[in-house]
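When you read off a place in the sequence shown, starting at 1, and then add 1310, the result is the number in this note's numbering.
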Amino acid sequence: MQPTLARTKPSWTPYLKIARFDHWVKNVFVLPGILTGVAASGKIDLGLGMRTALGLVAVGLIASSNYIINEIMDAPFDRYHPTKRMRPIPAGLVSVPIAYCLWIAFMLAGMAAAWVISIPFAASLGALWLMGICYNIPPLRTKDVPYLDVISEAVNNPLRMLAGWYITRTPSLPPGSLLVCYWMIGAYFMGIKRFAEYREIGNPAVSAAYRRSFAHYDEPRLLVSVMFYAAFAMLTFGAFLVRYRMELVLSFPLVAVVMAVYLKLAFEPNSAVQNPEYLYKEKRLLIPVTICAVALIALLFVDLPVLHHVFSPRFSGIAPAQP
């Protein structure tokens, strides 16, 4: 008797996995743009709730499009990673031509939803999608260039803030200092993720095979870059609050605690910072983040005139040096 061969039914599950819907939690970075936009305009219109819901879906669709192209382009390198080699494409569970079609389909759906909200909002999501091309696809593929890999991926942060700002339809532009601060905060988080990945692999040759930028990096260089991003972020945050919202100075200690806890997590085996989409499960981080977020929101809308008096200039300028 001939043995019966088992037939494997085609499954869409691997195709859903490459869209990384579980990563949509990162769209939380859109919310500060909405909050600052509302604080700047001083009003909330009746359609804001609907635009926010539709806007978050649009951002998610564009993000999934970027995740899909990332999965396609990274498949040859993911085979060298201890866990990412089990992703659907390296594991041979996904047809690459179909994945390319999904990449375009998600982009078109996201841009269609964005167009309903406003042209500036659609433009910000178009820029977010183009950054996915720059980050993932040769000949640019900034992901392979040391330092530029972190900076180019972190630019998604201010683009998400812009998206949130334009959801509110605030007529003015957000302050440049705030956008740069948001950019550098993103670079800080991404730099720590790189550091944790490098430590977890523990082999420079394997690290370089998995991520080409790791051929240049080592632990001291990664830590120094993280320090640079942190300092740059806080300096630009200070520039923003001095000009626009002095009350936010009270949040400095809380922000510093969050940044310190996040850095500490990077030194742990199988660190949670390697998968930021699951950080909400990390109670040691969730508690200070929640306290910090509540404080930041309150300080955006509660006026404390005494702070303006305390931090008011005490002299008109620095006297020129005497010859």
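Here a beta-carbon is modelled for each residue, glycine too, at the ideal position from N, C-alpha and C.
#1: Take N1337 and list the residues in its own chain whose beta-carbon comes closer than 8 angstroms to its own, dropping the five residues that flank it on each side.
#2: Residues in its own chain within less than 6 angstroms of S1351 by CB, not counting five upstream and five downstream?
#3: Using the Cα positions of L1532 and M1360, report the straight-line distance between them to the nearest angstrom.
#4: The alpha helix (DSSP H) that contains E1270, what's its start and end?
#5: How would you label T1314, buried or exposed, when you count the other beta carbons within 10 angstroms and need 16 or more for buried?
#6: If you pair each beta-carbon of the stretch 1613-1627 with each one of the stretch 1587-1598, do three or more pairs fall below 8 angstroms?
#7: Between which residues of its own chain and L1488 is the CB-CB distance below 6 angstroms, once the five residues before and five after are set aside?
#8: Can you tell which of H1526, M1569, W1322 has the C-alpha that lies nearest to the C-alpha of M1544?
#9: Compare the Cα-Cα distances from L1606 to each of D1454, V1565, A1385 and report the closest residue.
#10: By Cβ distance, which residues of its chain are closer than 6 angstroms to E1592, with the 5 residues on each side in sequence left out?
#11: Does the stretch 1397-1407 come into contact with the stretch 1340-1355, if we say contact requires no fewer than three beta-carbon pairs (one atom in each stretch) closer than 8 angstroms?
#12: Applying the criterion that 16 or more other CB atoms from any shown protein chain within 10 Å of the CB defines a buried residue, is A1608 buried or exposed?
#13: Which of the three DSSP states, helix, strand or coil, is assigned to F1577?
#14: Measuring straight from C-alpha to C-alpha, what distance separates I1502 and W1439?
#15: Can you give the Cα-Cα distance for N1580 and E1510, rounded to whole angstroms?
#16: Tell me, to the nearest whole angstrom, how far the beta carbon of Y1377 is from that of A1329; I am working on the premise that it is less than 8 angstroms.
#17: So, using beta-carbon positions, are S1375 and M1417 closer together than 9 angstroms?
#18: Quick one, which of V1460, Y1457, V1490 has its alpha-carbon nearest L1472's?
#19: Looking at C-alpha atoms only, which residue of F1499, P1400, E1557 is the closest neighbour of A1540?
#20: What does the alpha-carbon distance come out to for the pair F1714 and S1462?
#21: Given a cut-off of 9 angstroms on the beta-carbon distance, is the pair I1354 and I1427 in contact?
The answer reads as follows:
#1: L1366, V1369, G1370, A1373, R1470
#2: T1480
#3: 42 angstroms
#4: Residue 1270 lies beyond the stretch modelled for the chain, which goes from 1311 to 1633, so this question has no answer here.
#5: Low confidence applies here, because T1314 scores a pLDDT of 36, under 50, leaving its location unreliable and the question unanswered by this model.
#6: no
#7: F1550
#8: M1569
#9: V1565
#10: A1582
#11: no
#12: exposed
#13: coil
#14: 24 angstroms
#15: 6 angstroms
#16: 6 angstroms
#17: yes
#18: V1490
#19: F1499
#20: Coverage of the chain is limited to positions 1311 through 1633, which leaves residue 1714 absent and any answer about it impossible.
#21: no
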